[in-house]
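Q: Protein chains in written order, with the numbering used here: chain A, 4 to 129; chain B, 6 to 422.
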Amino acid sequence: MSKIIKYTETYEYISVDNEIGTVGIAEEASDKMGDIYYVELPEVGKKFAKGDEAAVVESAKSAADVFCPVGGEVIEVNSNLESNPEFVSKNPLTDGWLFKIKITEMDELESLMDYEEFKKHVHEEG
Amino acid sequence: MDTPENKEANKTKLYDNHKNLGAKIIDFSNWLMPLNYSKGIIQEHLDTRKNNGLFDISHMATFKITGAGAIPFLQYALTNNSASLKAGESQYSIISDSHGSAIDDVYLYCCEKDEFLLIANSSNRSGDFIYLKDVEGLFNDVEINDISEETSMLSLQGPDSGDILISLTPPGDFPLLEKNRFARVNILGADAFLARTGYTGELTGYEIITKKDNIFKLWESLIEKGANPAGLGARDSLRLESMLPLYGHELGKDPDGNDIPIFSSPSSRIAVSFSEDKGEFVGKKNLKKQYRALGKIMKKDYSDSEDLPEVIIALELMDKGIARHNDRVFLENDMIGYVTSGTIVPYWDMEIVDGKTKLKGTFNLRSIALALINSDKCYSNIVEVKIRENKKKAFVMPYFLKKMSPYLYPVTHKSFL
Chain A
4 MSKIIKYTET
14 YEYISVDNEI
24 GTVGIAEEAS
34 DKMGDIYYVE
44 LPEVGKKFAK
54 GDEAAVVESA
64 KSAADVFCPV
74 GGEVIEVNSN
84 LESNPEFVSK
94 NPLTDGWLFK
104 IKITEMDELE
114 SLMDYEEFKK
124 HVHEEG
Chain B
6 MDTPENKEAN
16 KTKLYDNHKN
26 LGAKIIDFSN
36 WLMPLNYSKG
46 IIQEHLDTRK
56 NNGLFDISHM
66 ATFKITGAGA
76 IPFLQYALTN
86 NSASLKAGES
96 QYSIISDSHG
106 SAIDDVYLYC
116 CEKDEFLLIA
126 NSSNRSGDFI
136 YLKDVEGLFN
146 DVEINDISEE
156 TSMLSLQGPD
166 SGDILISLTP
176 PGDFPLLEKN
186 RFARVNILGA
196 DAFLARTGYT
206 GELTGYEIIT
216 KKDNIFKLWE
226 SLIEKGANPA
236 GLGARDSLRL
246 ESMLPLYGHE
256 LGKDPDGNDI
266 PIFSSPSSRI
276 AVSFSEDKGE
286 FVGKKNLKKQ
296 YRALGKIMKK
306 DYSDSEDLPE
316 VIIALELMDK
326 GIARHNDRVF
336 LENDMIGYVT
346 SGTIVPYWDM
356 EIVDGKTKLK
366 GTFNLRSIAL
376 ALINSDKCYS
386 NIVEVKIREN
396 KKKAFVMPYF
406 LKKMSPYLYP
416 VTHKSFL
C-alpha cells in the first residue's frame, strides 16, 4: 500500500503508512513562519486526540503550536531535530518530520485535506 | 494568520520595492512593513554585524519643532537636556509622564538654535502629537508640526555603512561625523540629513532623512553599492542584542498594566538629565526618586526600592528554548518578574588579533532576553524562565556584546562560568 499524505487547516501534514502516521509541518507553514530554530517534541507513549497540542516549533520571530492531526499514540520522535531544528522548515517531508504516532482513530483521516484541497486552503488564507 | 493586504493600513513609499525583494510583510502598528526578506531574520542580523544592514524606517513619526520657545518647550516635555545640543547634534530622549514612566522614547535633532526634529515611534505618533500639542500650549513662540508624511527615512548600519555612503556623495563631500552628529549633505544630487545614529548598537551606522520623492533612487543606489536590505525582525533582534529598550516592551506599561519606571532600563537612564539649566520638567520629581533608589540598589541597599521596584536585566538561556515576551521569571520557586523581549539571535565566531576582532567565518545561535524583575533580585546569577510548562535556566548577563572594532565582540554566558 502506498503512503498517503493528508493536511490540516493548521498546516500540519500526516504521512500515513498502514496505521503509522508521521507528522510534520507543511512547507507552506514554514513559508509563513520563516526558518525553524527550536522544536519541542512530545514524549514517546503520550496519547493525543485530534487537535491536541503535540509539539511547538519556533522561528526567530514566533512560536507556533503543532496540533495532532488525528488521534493516536506517540511511538517515536525525531531526536535529530535537537541539533538540527532547521530541517523542519528546510526538508519538512524528509529529515524534518516531528513525531510518529500509531493512529487509533483511522476514520479521522477522512476529515483531513489532500494536497489539492490544502493548496486551495493556503491560497484562500493568503 | 493575518492577511495584512486586506486591511486598510499605511505603506511606506518603498512598499513595492520590499515586495519585489521577496519581503514577508507584516502589519506593524498599522504599517505594512517588511519583517524580513528572502534571506531571513538570522542572515540579515549576521549581515548587519559583518557588513551592513539597510532598513526602511519611513514609518517612524517625524515632528518639527520651531520658534524661540522651542528650547524651553523641549526642556519641559522631554527628559534629556535639550539645551546642551548645538546645531548638528542629536540625543536620545524620553517623553515622560508625571509618574516617571515613558509615553515614548525619541531622538531629538537640533537643526538650528530654534529648529528641531523629533523622531518618535510610529505606534505612538498620534498620541505623542496630541500630548505635545497640549504641552505646546503652555509655552510662547513655539510650534510643533507633524511632518511624517513629507519625509522618508532609511537606516544603514554596520561596519561598511560609511564606505557605501561615501560612494554616493560627491568626492570630498562626505562629512566626518562623530556619534550623534549629523549634517546636511548632497546624496545623489538630492538634499538629505545624514546622521551618525541608529538603533542596532553598531559602532558605525547612519540614518538618512530625505523628502519622500528622493527615496527610490537612494534605496536602489544603496543596494547597488552593496547594502543588504534587512527587515523589522533583524531590527528587533539587533537592538535586543545591544540591550536597547523598545517602547511597549521595556518602556511604557508592563503586562499587568503597571507603569514601568524609566530608570528600570539601563539605556533610558542616560536619557534623563537633572542639569541645573533644565529646570522643571514633566516627571522630574518621580524620576529623581527613581534615580536615588537606583543609586542605593547599585549598592545592594533596597530600602528605597518602592521608588524603583523593578529593573531590566539581560538573560542568556543555558537550557534549550526561546524565551518570549511575558514569559515568567523565577528564582527558586518565587516569581520575580517577566520577560519583556526575547528571541534567538546569531553571533559570529571571532578571535582577537592585535586588539582587533576578526571573524572566523562560522556562526552560532543563542537564545537571549530582557526581563523586568524585582529590584532586590537583580544580582542573581542564574534564574529560571518558564516557557510553556517547563522552567529553563538562564544566566544573568552584564552585556551580550563588547564594543570592539571593527566587529562587536559577542560575549556568551560560558565566558563567565
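Positions of the beta carbon are idealized from the N, C-alpha and C atoms, including for glycine. Given the structure is predicted, the values throughout are model-derived calculations rather than measurements.
Closest Cβ-Cβ distance between Ala63 (chain A) and chain D: below 8 Å?
A: Considering every chain present, this structure includes no chain D. Its protein chains are A and B.
Q: So if I threshold CB-CB distances at 9 Å, which residues from the stretch 359-386 of chain B count as touching chain A?
A: Answer in chain order: Leu370, Ser372.
Q: Just checking: is the beta-carbon of Lys24 (chain B) within a distance shorter than 8 Å of some beta-carbon in chain A?
A: As a working note, residue 24 (chain B) is residue 19 in the second sequence. It does not: the Cβ of Lys24 (chain B) has no partner Cβ on chain A nearer than 8 Å.
Q: With DSSP as the reference, label Glu225 (chain B) as helix, strand or coil.
A: Stepping through the second sequence from its first residue, residue 225 (chain B) is reached at position 220. Three-state DSSP puts Glu225 (chain B) in a helix.
Q: Quick one: complete beta strand (DSSP E) runs, 3+ long, within the stretch 69-98 of chain A?
A: If we require 3 residues or more, the beta strand (DSSP E) runs fully inside the stretch 69-98 of chain A come out as 75-80.
Q: Would you be able to state if there are at least three C-beta pairs under 8 Å between the stretch 68-75 of chain B and the stretch 139-153 of chain B?
A: Counting Cβ pairs under 8 Å, three or more are found: they touch.
Q: Helix or strand or just coil, what does DSSP make of Phe405 (chain B)?
A: For the purposes of this step, residue 405 (chain B) is taken as residue 400 along the second sequence, with counting starting at 1. The answer is coil: DSSP assigns Phe405 (chain B) none of H, G, I, E or B.
Q: Look up Asp309 (chain B) in the DSSP assignment and say whether it is helix, strand or coil.
A: As a first step, residue 309 (chain B) must be located in the second sequence, where it is residue number 304. Three-state DSSP puts Asp309 (chain B) in coil, outside helix and strand.
Q: Measuring CA to CA, which of A:Leu44, A:Gly74, A:Gly99, A:Lys64 is closest to Glu30 (chain A)?
A: Position 27 of the first sequence, counted from the start, is the residue given in the question as residue 30 (chain A). Among A:Leu44, A:Gly74, A:Gly99, A:Lys64, the Cα nearest to that of Glu30 (chain A) is on A:Gly99.
Q: What does a CB cutoff of less than 7 Å around Pro403 (chain B) pick up in its chain, not counting 5 residues either side in sequence?
A: For the purposes of this step, residue 403 (chain B) is identified with residue 398 of the second sequence, where counting begins at 1. Cβ within range, chain order: n/a, list empty.
Q: Between the C-alpha atoms of Val388 (chain B) and Pro415 (chain B), what's the straight-line distance to the nearest angstrom?
A: For the purposes of this step, residue 388 (chain B) is taken as the residue at position 383 of the second sequence. For the purposes of this step, residue 415 (chain B) is taken as the residue at position 410 of the second sequence. Near 21 Å, if we compare the C-alpha coordinates of Pro415 (chain B) and Val388 (chain B).
Q: Where does Lys123 (chain A) fall in DSSP's three states?
A: As a position in the first sequence, residue 123 (chain A) is number 120, starting the count at 1. Note: Lys123 (chain A) maps to helix in three-state DSSP.
Q: On a CA-only basis, which of B:Leu292, B:Ser280, B:Leu245 is nearest Asp264 (chain B)? Give me that one, please.
A: Here residue 264 (chain B) corresponds to residue number 259 of the second sequence, with the count starting at 1. Among B:Leu292, B:Ser280, B:Leu245, the Cα nearest to that of Asp264 (chain B) is on B:Leu292.
Q: My understanding is that Leu181 (chain B) touches Val190 (chain B), with C-beta atoms under 8 Å, so please give their C-beta distance in whole angstroms.
A: The residue given as residue 181 (chain B) occupies position 176 in the second sequence. The residue given as residue 190 (chain B) occupies position 185 in the second sequence. Rounded, the Cβ-Cβ distance is 12 Å, inconsistent with contact.
Q: Within a Cβ cutoff of 8 Å, which residues of the same chain sit near Met4 (chain A), ignoring the five residues on either side of it in sequence?
A: The count along the first sequence starts at 1 and reaches residue 4 (chain A) at position 1. At Met4 (chain A) the pLDDT is 47, less than 50, meaning the model places this residue with poor confidence; the figure from the coordinates comes in the next sentence. So the qualifying residues of the chain are Asp20, Asn21.
Q: Tell me which same chain residues have a C-beta within less than 6 Å of the C-beta of Tyr384 (chain B), skipping the five on either side of it?
A: Taking the second sequence and counting its residues from 1, the one referred to as residue 384 (chain B) is at position 379. Answer for Tyr384 (chain B): no residue qualifies.
Q: Would you say Ile47 (chain B) reaches chain A, if we count a Cβ-Cβ gap shorter than 8 Å as a contact?
A: As a working note, residue 47 (chain B) is residue 42 in the second sequence. Chain A, which has a Cβ nearer than 8 Å to the Cβ of Ile47 (chain B), makes this yes.
Q: Does the stretch 80-93 of chain A touch the stretch 10-17 of chain A, meaning 3 or more C-beta pairs lie closer than 8 Å?
A: Verdict: no, contact absent.
Q: Return the first residue and the last residue of the beta strand (DSSP E) that Ile17 (chain A) is part of.
A: Counting from one through the first sequence, the residue named residue 17 (chain A) turns up at place 14. Per DSSP, Ile17 (chain A) belongs to the beta strand (DSSP E) from 15-20.
Q: Relative to the alpha-carbon of Ile213 (chain B), which residue among B:Ala298, B:Gly257, B:Ser157 has its alpha-carbon at the smallest distance?
A: In the second sequence, residue 213 (chain B) corresponds to position 208, counting from 1. Checking every option, the nearest Cα to that of Ile213 (chain B) belongs to B:Ser157.
Q: Which of the three DSSP states is assigned to Asp110 (chain B) in this structure?
A: Here residue 110 (chain B) is taken as the residue at index 105 of the second sequence, counted from 1. Three-state result, Asp110 (chain B): strand.
Q: Give the single residue among A:Ser33, A:Phe90, A:Ile104 whose Cα lies nearest to the Cα of Gly24 (chain A).
A: In the first sequence, residue 24 (chain A) corresponds to position 21, counting from 1. Answer by Cα proximity: A:Ile104.
Q: Please classify Glu61 (chain A) as buried or exposed, where buried requires at least 16 other C-beta atoms within 10 Å of its C-beta.
A: If you number the first sequence from 1, residue 61 (chain A) lands on position 58. That one is buried.
Q: Using C-beta distances below 7 Å, list every residue in its chain close to Gly74 (chain B), excluding the 5 sequence neighbours before and after it, in chain order.
A: Residue 74 (chain B) sits at position 69 when you count from the first residue of the second sequence. So the qualifying residues of the chain are Phe144, Asn145, Asp146, Val147.
Q: Check each residue of the stretch 227-242 of chain B: if its Cβ is closer than 8 Å to any Cβ of chain A, include it; give the result in chain order.
A: Those would be Gly238, Ser242, in chain order.
Q: Taking Cβ-Cβ distances below 7 Å as the criterion, which residues of the stretch 307-329 of chain B are in contact with chain A?
A: Within the stretch 307-329 of chain B, the qualifying residues are Lys325, Gly326, Ile327, Arg329.
Q: Under the rule that 16 or more other beta-carbon atoms within 10 Å means buried, what is Asp178 (chain B), buried or exposed?
A: As a working note, residue 178 (chain B) is residue 173 in the second sequence. When all chains shown are included, Asp178 (chain B) counts as exposed.
Q: Mind checking whether Leu115 (chain A) and Gly27 (chain A) have CB atoms under 8 Å apart?
A: The residue you call residue 115 (chain A) lines up with position 112 of the first sequence. The residue you call residue 27 (chain A) lines up with position 24 of the first sequence. The answer is no: Cβ separation not under 8 Å.
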